[in-house]
Every structure is written in C-alpha cells, then in structure tokens.
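Residues in the sequence shown are numbered consecutively from 0, following numbering that gives the first Met the number 0. Positions of the beta carbon are idealized from the N, C-alpha and C atoms, including for glycine. Since the model is a prediction, treat every value here as computed from it, not as a measurement. These notes concern the structure reproduced below.
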Amino acid sequence: MKNIAVFASGSGSNAENIAKYFADSNDIKVAVVLSNNRNAKVHERMRKLNIPTFTFSRDEFSEGNSVLAKLKEYNIDLIVLAGYMNKITAPLLNAYPQRIINIHPALLPKFGGKKMYGMHVHEAVVAAREKESGITIHFVNENYDEGAIIFQATCPVSPKDTPEQVAQKVHQLEYAHFPPVIAKVIQKHT
Ligand code: GRF
C-alpha cells in the first residue's frame, strides 16, 4: 500500500475528492491530512471519511520535526498539497525529494507566485482578459509555484466570465485530473 498525506488549509474539496477516488483502491490511500488551520472545513470532510487530520502551527511546519514524525508514523510515500497556504521548507523537501506535489489553479508560469492564491488567481486571469485558464500540477521546490511541471489542463475563459465562474471551471478540472495524475506520480516516483 502506498500512503498519501494531503496538506490543506481551507475547504478541502480536493482532499475529499482525492480520498474518495482512492477509497476502493488496494494500492493507494489517503492516510492522513495535515493542516495549518484547526478551523478549516477539511477536518469535517475527513471526519466523515474516517481519515485522521492533524493541525500544526506555522513554526512546527518550518522547523519540520514533528511534521516529519507524523509522516513517518503513517508511512507516507507522497505528499500532496491541495490548497495548502504555507511554504514548504528544507526539512520536508530534503526528506521527500521529488515526492511533494502541488496543484495550482492557473496555467503556470503565468499567475503564480507569492500573492497568487485562491480567488486572487482567478481575478487576475479575468483582469488580464485571458482566453483560457486551467490547472498546473507540479513538483514542489523552495519557491512558490516554481517546481517542474508534471501536468496541465486548460479551460476556455469567455469575456463575460466572472472570477467565480472561472474558479468553478478550474475546480472541475482539478477534480477530474488531480487523482489520476497522483496515481501516475506514485507509480513513477515512489
Ligand atoms: C484549489 O483551487 C487549488 O488549486 C488551490 O487551492 C484551492 C483549494 O480548494 N491551490 P479546496 O480547498 O480543495 O476546495
């Protein structure tokens, strides 16, 4: 069995979708969810699926030891960032080389970087009158949104689309593509 840890800071709809996708698998499962936000909705979603969640402070994440201990406890093979709003620091990157991936709700290298998260991304896409947006799944390195790209998928953006409508289209791409891409990364890199 290959074990995934999902890191999520907010709603956790991707975490839920990934967990459900692998629920019947004999090979892959979401073993644990880690968050930096104890009030995040992801905890409630995981409770319903019987998946344990733990909250760590920003300092605990950057110092790394307690987080690494938790990942070891659950025999984690791959870390999946799904709406995780913190930087991944050296201790984790060193412990999981090429085994931490993130999903970004736009077509990197456009609309990435420090302030590009959540609705800010979709607002920027609409303001720039882009004709398309999409998702980027990439390996994580020490800089936000800069690791090697694994997969992208696109959706059209019409001049009438609001940021909320773009967000909805992007979420549909995330739900359709993230779990199978995770399965492929596990096959190839763990
Ligand atoms: C997703 O759009 C993801 O691409 C981004 O944050 C959002 C998380 O949504 N990194 P949810 O918490 O999975 O609903």
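Query - Which of helix, strand or coil DSSP assigns to Asp144 - result: Residue numbering aside, residue 144 sits at position 145 when the sequence shown is read from its first letter. Here DSSP, grouped into helix, strand and coil, assigns Asp144 to coil.
Query raised in the report: Is Val32 near the ligand GRF, judged by its Cβ being under 7 Å from some heavy atom?
Result: Locating residue 32 in the sequence shown gives position 33, counting from the first residue. No - the ligand GRF has no heavy atom lying nearer than 7 Å to the Cβ of Val32.
Query raised in the report: What number of angstroms, rounded off, separates the C-alpha of Pro51 from the C-alpha of Pro158?
Result: Here residue 51 corresponds to residue number 52 of the sequence shown, with the count starting at 1. Here residue 158 corresponds to residue number 159 of the sequence shown, with the count starting at 1. Looking at the two C-alpha atoms, the distance is approximately 43 Å.
Query - Distance between beta carbons of Asn101 and His137, contact taken as under 8 Å - result: For the purposes of this step, residue 137 is taken as residue 138 along the sequence shown, with counting starting at 1. For the purposes of this step, residue 101 is taken as residue 102 along the sequence shown, with counting starting at 1. The beta-carbon distance between His137 and Asn101, rounded to whole angstroms, is 6 Å. This is short enough to meet the 8 Å contact definition.
Query raised in the report: Can you check whether the CB of Ala39 is closer than 8 Å to the CB of Gly9?
Result: Along the sequence shown, one-based indexing puts residue 9 at 10. Along the sequence shown, one-based indexing puts residue 39 at 40. Here Gly9 is near Ala39, since their CB atoms are less than 8 Å apart.
Query raised in the report: Just the Cα atoms here: how many angstroms apart are Lys113 and Asn25?
Result: In the sequence shown, the residue the question calls residue 113 occupies position 114. In the sequence shown, the residue the question calls residue 25 occupies position 26. Roughly 38 Å separates the two Cα atoms.
Report task. Verify the contact flag: Glu145, CB atom, against every heavy atom of the ligand GRF, threshold strictly below 7 Å. Result -> Locating residue 145 in the sequence shown gives position 146, counting from the first residue. Result no, Cβ not under 7 Å from the ligand GRF.
Query raised in the report: Smallest Cα separation from Pro162: which of Ile17, His170, Val125?
Result: Indexing the sequence shown from 1 puts residue 162 at position 163. Out of Ile17, His170, Val125, Val125 has the C-alpha closest to the C-alpha of Pro162.
Query raised in the report: Can you tell me the Cα-Cα spacing of Ile27 and Pro155, whole angstroms?
Result: On the sequence shown, position 28 is the one that residue 27 refers to. On the sequence shown, position 156 is the one that residue 155 refers to. For Ile27 and Pro155, the distance between alpha carbons rounds to 32 Å.
**Report entry** Asn142: CB within 7 Å of a non-hydrogen atom of the ligand GRF
**Finding:** Against the sequence shown, residue 142 aligns to sequence position 143. No, the ligand GRF has no heavy atom inside 7 Å of this Cβ.
Query raised in the report: What's the call for Glu15, buried or exposed, on a 16-neighbour Cβ count within 10 Å?
Result: Position 16 of the sequence shown, counting from 1, holds the residue named residue 15. Counting C-beta atoms within 10 angstroms of its own C-beta, Glu15 has 16 or more neighbours from the protein chains shown and is therefore classed as buried.
Query raised in the report: Taking C-alpha atoms, which residue in Thr189, Phe6, Gln171, Pro179 lies nearest to Ala81?
Result: The count along the sequence shown starts at 1 and reaches residue 81 at position 82. It is Phe6 whose Cα lies nearest to the Cα of Ala81.
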